[in-house]
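Chains U and V supply the protein sequences, listed in that same order. Our numbering puts the first residue of the first sequence at 1, with every later residue one more than the last. Our numbering puts the first residue of the second sequence at 1001, with every later residue one more than the last. Ideal placement from N, C-alpha and C gives every residue a C-beta, glycine not left out. Notes to accompany the following structure.
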Amino acid sequence: AQKVTQAQTEISVVEKEDVTLDCVYETRDTTYYLFWYKQPPSGELVFLIRRNSFDEQNEISGRYSWNFQKSTSSFNFTITASQVVDSAVYFCALAGRRALTFGSGTRLQVQP
Amino acid sequence: DAGVIQSPRHEVTEMGQEVTLRCKPISGHNSLFWYRQTMMRGLELLIYFNNNVPIDDSGMPEDRFSAKMPNASFSTLKIQPSEPRDSAVYFCASSLGSSLAGVNNNEQFFGPGTRLTVL
C-alpha cells in the first residue's frame, strides 16, 4: 500500500514570507516517484515537480524549492518570498506499484 | 496543443439517471486516468488505462461505475444509476507511459474537470 500525508490542512502567510509545505509518504516499493501539484482557485491541477526515489538531490526552481529526504520519507516544498498568486491548494503525490496516490492537500492563503 | 479535453464541464442530473463523462487525452499520450475529487475524500484515482487497456480499476467505487477507452483519443466514465453521493468533480488526466515496473510514473496532464451534481 502507499500513502501520502499532508498534515497541514491550511496555512496562512503574509506576502513575502517564506512557507514550507510538509509531505510524508509511506510505500513498500523500492522504486517510486514523488510529485507536487498545484490547484489554484480556478480548479485545474498543475504539475510542479517529479522526483524519483534514487535522486535525493534538492531542487530549486525560481522561488520554489523541494527537499527530499528518504531517511524520513519526506518531500517538503518551500516557497520563498510568497506572493498572492501562490494562493492555492498544493497536493503531494506518490506513484509506485500503483498509479498516483494523492495527499489530502494543503490550502495556502497568501495575504497581501 | 489543446491539452486534455473534458465534457461536459458541468452536469446536473437527478438521482437514478445515467451520466456519461467524456475525455479526450493529449494526442500521443498512451495512459489515461480518471480521478474523483470531493471534500470528504480528496483526490481519488478511479481507474487508469495504458494503451487503451484498463490496468487498475480498484478505485472504482461500485458496479454503478464503468469506464471505457475504445480508442487512443477517447474515454468515457459512466455512472448508472447516479446517486447524490456521486456528486464531485471528476478529472481526466493523460501521460506518456513509463516502462518502470508497468507503473506510470510520468507527469500527468489534467483536464479542467467535470463538476457533477446529482440531486
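6 Å CB neighbourhood of residue i in its chain, flanking five on each side removed
i: Ser65(U); result: Thr78
i: Lys70(U); result: Glu56
i: Asp1086(V); result: Ile1079 and Val1118
i: Phe102(U); result: Phe91 and Ala93
i: Phe35(U); result: Arg50 and Ala93
i: Asp18(U); result: Thr80
i: Gly1016(V); result: Pro1081
i: Asn67(U); result: Asn58 and Asn76
i: Gly1097(V); result: Asn1030, Ser1031, Asn1050 and Asn1104
i: Glu1007(V); result: A small fix is needed here, since residue 1007(V) is Ser in this sequence, not Glu. Answer for Ser1007(V): Arg1022, listed in chain order.
i: Ala1(U); result: none
Euclidean distance between Cα positions of residue i and residue j
i: Pro1025(V); j: Asp22(U); result: 31 Å
i: Lys16(U); j: Pro1061(V); result: 43 Å
i: Glu59(U); j: Thr1013(V); result: 46 Å
i: Leu48(U); j: Ile1055(V); result: 26 Å
i: Arg98(U); j: Phe1049(V); result: 12 Å
i: Lys3(U); j: Val24(U); result: 8 Å
i: Pro1112(V); j: Cys1023(V); result: 10 Å
i: Ser73(U); j: Glu1044(V); result: 21 Å
i: Glu44(U); j: Ile11(U); result: 20 Å
i: Ser61(U); j: Asp1063(V); result: 44 Å
i: Thr27(U); j: Thr106(U); result: 21 Å
i: Val84(U); j: Asn1051(V); result: 41 Å
i: Ser1073(V); j: Ser1066(V); result: 18 Å
i: Gly1102(V); j: Met1039(V); result: Reliability of the predicted coordinates at Gly1102(V) is poor, the pLDDT of 48 falling under 50, and the value obtained from them is presented with this limitation in mind. Distance between the alpha carbons of Gly1102(V) and Met1039(V): 31 Å.
i: Ala1093(V); j: Ser104(U); result: 18 Å
i: Ser1075(V); j: Tyr1035(V); result: 13 Å
i: Asn52(U); j: Thr30(U); result: 10 Å
i: Val46(U); j: Val89(U); result: 10 Å
Identified DSSP bridge partners for residue i
i: Pro1054(V); result: Phe1049(V)
i: Ala93(U); result: Phe35(U) and Phe102(U)
i: Cys1023(V); result: Gln1006(V) and Ser1075(V)
i: Ser65(U); result: Ile60(U) and Thr78(U)
i: Ser12(U); result: Gln109(U)
i: Val1012(V); result: Thr1117(V)
i: Thr1038(V); result: Gly1042(V)
Chain A within 8 Å of residue i, Cβ atoms only
i: Ser12(U); result: In summary, chain A is missing from the structure at hand, where the protein chains are U and V.
Residues of its chain near residue i, where Cβ-Cβ distance is below 8 Å and the 5 sequence neighbours each way are ignored
i: Glu87(U); result: One detail in the question is off: residue 87(U) reads as Ser in this sequence, not Glu. Cβ neighbours of Ser87(U) beyond the five flanking positions: Pro40, Pro41, Leu108, Gln109 and Val110.
i: Glu1011(V); result: Val1019, Leu1021, Thr1114, Arg1115, Leu1116 and Thr1117
i: Arg1009(V); result: Pro1112, Gly1113, Thr1114 and Arg1115
i: Val13(U); result: Val19, Ser82, Leu108, Gln109, Val110 and Gln111
i: Pro1084(V); result: Met1015, Val1118 and Leu1119
i: Leu100(U); result: Phe35, Ala93 and Leu94
i: Lys1068(V); result: Ser1075, Thr1076 and Lys1078
i: Gln8(U); result: Leu21, Asp22 and Thr106
i: Gly1003(V); result: Ile1026, Phe1109 and Gly1111
8 Å contact criterion, which residue i and residue j should meet: CB distance rounded
i: Ala95(U); j: Tyr32(U); result: 6 Å
Beta-carbon proximity list for residue i, same chain, < 7 Å, skipping 5 on both sides
i: Ser1095(V); result: His1029, Ser1031, Asn1104, Asn1106, Glu1107, Gln1108 and Phe1109
i: Gln1037(V); result: Leu1043, Ala1088, Val1089 and Phe1091
i: Gly1059(V); result: Glu1044, Leu1045, Leu1046 and Ile1047
Next on the checklist: I'd like the ranges of any beta strand (DSSP E) spanning at least 3 consecutive residues and lying wholly in the stretch 1065-1119 of chain V.
Outcome noted: Counting whole runs of 3 or more residues, the stretch 1065-1119 of chain V contains the beta strand (DSSP E) stretches 1065-1071, 1074-1079, 1088-1095 and 1114-1118.
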